[in-house]
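Colleague: These protein sequence lines are chains A and B, in that order.
The C-terminal residue of the first sequence carries number 120 in the working numbering, and the numbering is unbroken.
The C-terminal residue of the second sequence carries number 114 in the working numbering, and the numbering is unbroken.
Glycine included, C-beta positions come from ideal geometry on N, C-alpha and C.
No experiment lies behind these values; they were computed from the predicted model shown.
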Amino acid sequence: GAVVSQHPSWVICKSGTSVKIECRSLDFQATTMFWYRQFPKQSLMLMATSNEGSKATYEQGVEKDKFLINHASLTLSTLTVTSAHPEDSSFYICSARANRGWGYEQYFGPGTRLTVT
Amino acid sequence: KNQVEQSPQSLIILEGKNCTLQCNYTVSPFSNLRWYKQDTGRGPVSLTIMTFSENTKSNGRYTATLDADTKQSSLHITASQLSDSASYICVVGGNNAGNMLTFGGGTRLMVKP
Numbered sequence: 004g005a006v007v008s009q010h011p012s013w014v015i016c017k018s019g020t021s022v023k024i025e026c027r028s029l030d031f032q033a034t035t036m037f038w039y040r041q042f043p044k045q046s047l048m049l050m051a052t053s054n055e056g057s058k059a060t061y062e063q064g065v066e067k068d069k070f071l072i073n074h075a076s077l078t079l080s081t082l083t084v085t086s087a088h089p090e091d092s093s094f095y096i097c098s099a100r101a102n103r104g105w106g107y108e109q110y111f112g113p114g115t116r117l118t119v120t
Numbered sequence: 002k003n004q005v006e007q008s009p010q011s012l013i014i015l016e017g018k019n020c021t022l023q024c025n026y027t028v029s030p031f032s033n034l035r036w037y038k039q040d041t042g043r044g045p046v047s048l049t050i051m052t053f054s055e056n057t058k059s060n061g062r063y064t065a066t067l068d069a070d071t072k073q074s075s076l077h078i079t080a081s082q083l084s085d086s087a088s089y090i091c092v093v094g095g096n097n098a099g100n101m102l103t104f105g106g107g108t109r110l111m112v113k114p
């Protein structure tokens, strides 16, 4: 099956610093990628939809200036958490969409655990 | 409003037993329904995907059913194993611009020896 990777798998940073998370589709091209955040014992919450070559679409309540998304190529999207605060600590999961003819399949990355101290 | 409701929220069963997880949805227009397994600290992994015309689909010991009339789905796990301990998430795809997914809250399954 298709593979989506994320890097890093976990990161600890100090409050006020910025952190970049990469999401790559390894064996297919993805014009659309998604970024989710997941808090403990909760389901995934969509943060933004990233389209290659255009600006990301953010969900209501998600600050676009704080969570910068760049989808520079058909296989790479990045999420930068700027001026991170402890409340940004969470599990961030990306997903890449692949057109399968019958519809779209969505493959998830393994996630990135962010801890802000 | 598009919603996906799962039950139970959590479940504990003994190894070797069967179990069934439920999913009700109100997503419209409907395109497909997916079941994902998410291990703790990992991303979701697809188990099954069913479109409108499919009633059942199996993947090893996992069997999903779909009743598009009543907007219900179930995931049946046969002969559970310790490795089945995970969260199972029901996700419904809409047939609209963007083809967005609506996530259920998940069922946390624990299989005990």
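Going straight from the alpha carbon of S92/A to that of P30/B, what length do you get?
Modeller: 35 Å
Colleague: Going by beta-carbon coordinates alone, are I90/B and N19/B separated by less than 8 Å?
Modeller: no
Colleague: Residues of chain A with CB under 8 Å from P45/B, in chain order?
Modeller: L47, I96, F111
Colleague: In three-state DSSP terms, what is L83/B?
Modeller: In the structure shown, L83/B falls within a helical segment according to DSSP collapsed to helix, strand and coil.
Colleague: Just reading off the beta strand (DSSP E) that F31/B is part of, what are its end residues?
Modeller: 31-39
Colleague: Thinking C-alpha only, which one of M36/A, L82/A, A51/A, R103/A is nearest G64/A?
Modeller: When only C-alpha atoms are compared, the closest one is A51/A.
Colleague: By the DSSP assignment, the beta strand (DSSP E) with E108/A in it spans what residues?
Modeller: 107-111
Colleague: Between which two residues does the beta strand (DSSP E) containing M36/A stretch?
Modeller: Unbroken beta strand (DSSP E) run through M36/A: 35-41.
Colleague: Less than 8 Å between CB atoms is the rule here; does N33/B satisfy it with respect to chain A?
Modeller: Closer than 8 Å to some Cβ of chain A, the Cβ of N33/B qualifies, so yes.
Colleague: Skipping 5 residues on each side, what residues in its chain have a beta carbon closer than 6 Å to that of T57/B?
Modeller: T66
Colleague: Looking at the strands, I want to know which residues DSSP matches up with V112/B.
Modeller: I14/B
Colleague: At a CB-CB cut-off below 8 Å, which residues of chain B make contact with G114/A?
Modeller: Per Cβ cutoff of 8 Å: G42, R43, G44.
Colleague: Name the chain B residues whose beta carbon is nearer than 7 Å to that of W105/A?
Modeller: Neighbours of W105/A on chain B, chain order: T52.
Colleague: Based on Cα-Cα distance, which residue from I15/A, F31/A, G104/A, D30/A lies nearest to I24/A?
Modeller: I15/A
Colleague: Taking a cut of 9 Å between CB atoms, which residues from the stretch 79-98 of chain B lie near chain A?
Modeller: S88, I90, V92, G94, N96
Colleague: Residues in its own chain within less than 7 Å of N97/B by CB, not counting five upstream and five downstream?
Modeller: P30
Colleague: Take the Cβ of E108/A as the centre, count every other Cβ of all protein chains shown within 10 Å, and call the residue buried at 16 or more, exposed below.
Modeller: buried
Colleague: Run down chain A in chain order and give the residues with a C-beta less than 7 Å from the C-beta of L102/B.
Modeller: Near L102/B (Cβ distances below 7 Å), the residues of chain A are Q109.
Colleague: Compare the beta carbon distance of F104/B and S98/A with 8 Å and say whether it is the shorter of the two.
Modeller: no
Colleague: For the stretch 36-51 of chain B against the stretch 70-87 of chain B, are there 3 or more C-beta pairs whose distance is under 8 Å?
Modeller: yes
Colleague: Check the Cβ of G107/B against every Cβ in chain A and list those closer than 7 Å, keeping chain order.
Modeller: S46
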